[in-house]
């Protein structure tokens with residue numbers, strides 16, 4: 001650990017000695033561990049530690065940013081960032097300034113991964129490997145465990161000084177089954193901000209996953225086309241993140257006139273049963289924190305309320321330029337990057353319907369479960385399921401090959417005609433944007449039903 | 459570095475120290491103007507040791523704590539994988555030219571002006587388009603020393619441009635992009651401008667395509683977004699060793715069309731993907747993966763190579779804080795002989811795909827490429843007839859690359875792929891109506 005008093009003084013001094021419309025320093029200490037198994041063999045095990053710093057300066061609308069590992073360079077780099085911002089700044093800076101904040105926030109740890117030695121973590125993973133290999137037709141498996149702890153010291157020209165620490169635990173298990181030339185896989189992906197408990201006691205879950213991979217081998221493909229699909233909470237969470245969440249990030253909107261028109265507050269996106277929320281102030285989730293990487297307090301923001309666009313996600317700059325309030329969504333994956341507008345915990349609020357009611361009147365459709373991946377181009381999105389089943393006559397029937405779902409946000413949200421009552425959150429994903437990934441986020445939803453969704457065979 | 463190696467040598471049988479340091483300066487453009495100047499300096503130090511026959515590994519960005527790095531490596535060596543090889547001694551390697559001294563002298567002002575020129579020319583062609591991008595230059599220094607006496611180092615300069623444009627019309631959002639990179643102090647803005655304008659011109663109208671099986675032409679950019687992942691996984695020596703690659707038992711067998719040739723190559727002069735030796739100190743080479751449709755070789759790092767009773771092909775690369783593992787350096791697909799214009803001329807109804815979105819989310823290990831056409835055009839009676847939307851394509855490299863046609867024209871996409879365009883005569887296309 002660094003000498004805190006000293007660090008704080010040095011950061012304040014570097015800020016005081018320079019002049020700009022806004023100045024900011026983030027100094028980050030980190031440690032992380034990881035281990036991976038491929039098949040029965042331990043493939044990789046190791047630890048890393050890091051220390052890095054970045055400075056950011058805003059002058060007349062232009063930004064200078066520098067990142068470095070050698071802390072002796074702090075003053076020099078701050079001066080350089082200011083000079084660079086000055087070189088390109090040629091308008092009036094628009095940037096939301098807040099009251100100074102002084103706070104020290106410790107990670108909300110439930111069961112710290114660092115209580116366990118690498119040996120203990122490895123022994124647990126060994127047991128999971130044994131479970132996987134007890135199933136016939138398994139060709140190989142990949143287990144990736146990672147944990148990290150990060151302490152970020154933040155200071156800016158408002159006079160704020162914030163120290164926040166956070167821990168992160170993640171586990172991905174992917175099982176590959178093979179028969180002849182055919183290879184299929186199934187997996188689980190878990191994460192938490194500082195609770196090792198989520199990776200414990202997964203024997204049943206992992207066994208089921210291994211059986212799924214084998215089962216997919218012999219399941220038929222379905223023909224692509226438009227279908228009624230029912231999404232489980234995990235996949236629906238990925239859907240809300242990809243299909244709508246990214247469109248709510250104001251850095252795509254704030255300086256693009258046509259995009260602003262398209263995303264005018266008050267626009268109707270869906271039915272009255274559709275409510276979408278994002279917020280790091282939702283406690284205990286993977287995307288939760290107290291202050292974002294611009295030192296703005298976290299909030300909970302309604303993006304869609306009763307089908308109507310009512311809000312969006314902001315940094316200090318996008319909020320000022322759009323004349324709206326900051327939401328605490330400026331995040332950087334680490335000190336090598338400036339903060340950009342990102343999601344935190346994004347979810348569809350639960351409605352009234354039970355699962356049975358939701359599938360009850362589906363004559364011919366697909367029930368899609370679990371997450372394999374997702375991406376968006378703002379308007380069009382695509383994401384893939386890890387499992388898929390036929391629905392016939394209101395009942396979930398045989399397993400089919402996993403599918404890729406694709407759509408256009410401007411009509412797909414309207415096509416959500418039923419929202420379940422069983423909200424569940426998915427903490428296993430990492431979000432990527434602008435070369436910054438994986439950023440810890442969570443997303444979730446109850447079961448939802450979409451009419452006429454474009455399904456591609458995977 | 460030498461001190462750390464000595465320190466590690468006292469407590470382990472073998473050790474290797476790897477250090478990479480980089481300096482990067484870039485100009486960021488947002489909404490048609492210069493927005494941000496960025497300067498990044500980074501150093502990373504990695505220690506890999508073999509203790510009691512097992513690997514230990516640790517990485518840090520703090521150069522002031524060698525004992526901590528050593529202790530972390532020793533802790534992990536207690537249960538590390540058994541080492542199947544010894545660290546290699548110094549071997550001679552031929553220099554691949556990767557440095558242009560002039561890169562250092564490229565002025566920020568020149569980079570800003572180049573970006574502004576691209577933006578001015580493209581917005582003049584298509585008013586309303588919003589362009590974001592980055593022009594950046596960097597210098598990277600890499601050094602490896604090990605207890606077998608190796609001491610290798612090299613430097614690389616690079617300069618690159620990435621620009622993307624987005625045009626919003628009603629609820630229609632069009633994305634176009636282009637990139638270029640090399641080790642030279644040259645900014646080919648004309649190529650970027652011409653490509654962006656061509657994509658925009660081809661997208662003026664919206665066309666609709668039928669659901670069914672159609673001929674689909676993948677441009678080099680589309681190949682980068684859809685085919686690299688399944689190909690890279692299929693030929694990865696580690697996947698092969700595990701039996702997870704469908705090619706596991708297929709070496710020497712015809713798997714693809716006879717016109718398909720593929721190799722991995724880290725020796726192309728002045729390409730940022732090139733290097734004289736890999737991250738384990740193995741000399742770079744060109745590895746033929748597919749020769750006239752036949753699976754010819756897989757690519758390996760030292761550990762996987764030794765386990766497979768093969769030698770490393772110089773593909774031991776480090777990703778972040780991970781141990782070296784086999785990964786591609788740069789894939790090159792051999793040119794075909796048919797001009798693009800001839801292929802398009804002969805198609806009554808089909809597609810040209812420039813970018814496929816989400817293709818890496820499918821069962822890439824099984825060879826699948828399936829995704830949403832982020833940018834693509836309809837071919838109608840031998841001509842491009844506008845951009846298609848809400849259209850999905852699915853295919854599998856092992857099923858659909860037996861009968862393909864490659865074009866005469868080829869290009870680099872960034873520095874990871876050089877490829878011609880590839881025509882698939884019959885792929886499943888699903889479109890929304």
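Protein chains in written order, with our numbering: chain A, 1 to 458; chain B, 459 to 891.
Just so you know, even glycine gets a beta-carbon here, dropped at the ideal spot from N, CA and C.
1. Shortest alpha-carbon distance to residue 708 of chain B belongs to which of B/689, B/755 and B/730?
2. Is the shortest distance between the beta-carbon of residue 181 of chain A and the beta-carbons of chain B less than 8 Å?
3. Contact criterion: CB-CB distance below 8 Å. Does residue 475 of chain B meet it with respect to chain A?
4. List the residues that DSSP assigns as beta-bridge partners of residue 371 of chain A.
5. With the cut-off set at 8 Å, would you say residue 711 of chain B and residue 677 of chain B are in Cβ contact?
6. Please go through the same chain and pick out, in chain order, the residues whose beta-carbon is closer than 8 Å to the beta-carbon of residue 195 of chain A, but skip the five residues on each side of it.
7. Thinking just about the alpha-carbon of each residue, which of A/335, A/448 and A/27 is nearest to the one in residue 436 of chain A?
8. Jot down the residue ranges of each uninterrupted alpha helix (DSSP H) in the segment 237–278 of chain A, minimum 4 residues, whole runs only, in chain order.
9. Quick test of your reading: residue 674 of chain B and residue 851 of chain B, contact by CB under 8 Å. State the CB separation rounded to the nearest angstrom.
10. With a CB to CB cut of under 8 Å and the five nearest residues on each side skipped, what residues in its chain are close to residue 630 of chain B?
11. List the DSSP bridge partners of residue 72 of chain A.
12. Suppose you measure from the CA of residue 138 of chain A to the CA of residue 473 of chain B; what does that come to, to the nearest Å?
13. Based on DSSP bridge pairs, tell me the residues matched to residue 18 of chain A.
14. Got a sec? Which residues, its chain only, sit under 6 Å from residue 829 of chain B by beta carbon, not counting five neighbours each side?
15. In three-state terms, what does DSSP make of residue 490 of chain B?
16. Write down every uninterrupted run of the beta strand (DSSP E) in the segment 490–559 of chain B whose length is 3 residues or greater and which is fully enclosed by it, in chain order.
17. Among B/462, B/688 and B/793, whose alpha-carbon lies nearest the alpha-carbon of residue 853 of chain B?
18. Does residue 159 of chain A pass the burial test, meaning 16 or more other C-beta atoms within 10 Å, or should it be called exposed?
19. Please list the partners that residue 80 of chain A has in chain B, where partner means a Cβ-to-Cβ separation under 8 Å.
20. Can you give me, in chain order, the residues of the segment 506–531 of chain B that have a beta carbon less than 7 Å from any beta carbon in chain A?
21. I want to see whether chain B comes within less than 8 Å of residue 140 of chain A, judged by CB atoms only; does it?
22. Does residue 119 of chain A get closer than 8 Å to chain B when you measure Cβ to Cβ?
23. In the structure shown, what three-state DSSP assignment does residue 451 of chain A receive?
24. Taking 8 Å as the CB-CB limit, is residue 66 of chain A close to chain B?
25. Look at the alpha carbon of residue 646 of chain B and the alpha carbon of residue 163 of chain A, and state the distance between them as a whole number of angstroms.
26. Does DSSP put residue 458 of chain A in a helix, in a strand, or in coil?
27. Out of B/784, B/796 and B/593, state which residue places its alpha-carbon closest to the alpha-carbon of residue 769 of chain B.
28. At the level of alpha carbons, what is the spacing between residue 422 of chain A and residue 129 of chain A?
29. Near residue 458 of chain A, which residues of its chain fall below 7 Å by C-beta distance, leaving aside the five closest residues on each side in sequence?
30. Once DSSP output is grouped into helix, strand and coil, what is the label at residue 480 of chain B?
31. Residue 122 of chain A touches chain B at which residues, Cβ-Cβ below 8 Å?
32. Helix, strand or coil, according to DSSP, for residue 734 of chain B in the structure here?
33. Alpha carbon to alpha carbon, what distance is there between residue 659 of chain B and residue 476 of chain B?
34. Note the first and the last residue of the continuous alpha helix (DSSP H) segment covering residue 320 of chain A.
35. What do you reckon, are the CB atoms on residue 307 of chain A and residue 265 of chain A nearer than 8 Å?
36. Please list, in chain order, the chain A residues whose beta carbon lies closer than 7 Å to that of residue 633 of chain B.
So, from the listed chains and residues:
1. B/755
2. yes
3. no
4. A/385
5. no
6. 109, 110, 111 and 169
7. A/335
8. 257–262
9. 6 Å
10. 664 and 847
11. For residue 72 of chain A, which the question treats as bridged, DSSP gives no partner whatsoever.
12. 36 Å
13. Bridge partners of residue 18 of chain A: none, in fact.
14. 814, 815, 816 and 817
15. coil
16. 491–509 and 512–518
17. B/688
18. exposed
19. 497
20. 515, 516, 517, 518, 519, 520, 526 and 530
21. yes
22. yes
23. strand
24. yes
25. 45 Å
26. Since pLDDT at residue 458 of chain A reaches only 45, below the 50 mark, its modelled position is unreliable, and no value is offered.
27. B/784
28. 32 Å
29. Low local confidence applies: a pLDDT of 45 at residue 458 of chain A is under 50, so the model's placement there is unreliable, with the coordinate-based value given in what follows. These residues qualify, in order along the chain: 384, 401, 402, 403 and 404.
30. strand
31. 537
32. coil
33. 48 Å
34. 316–322
35. no
36. 377
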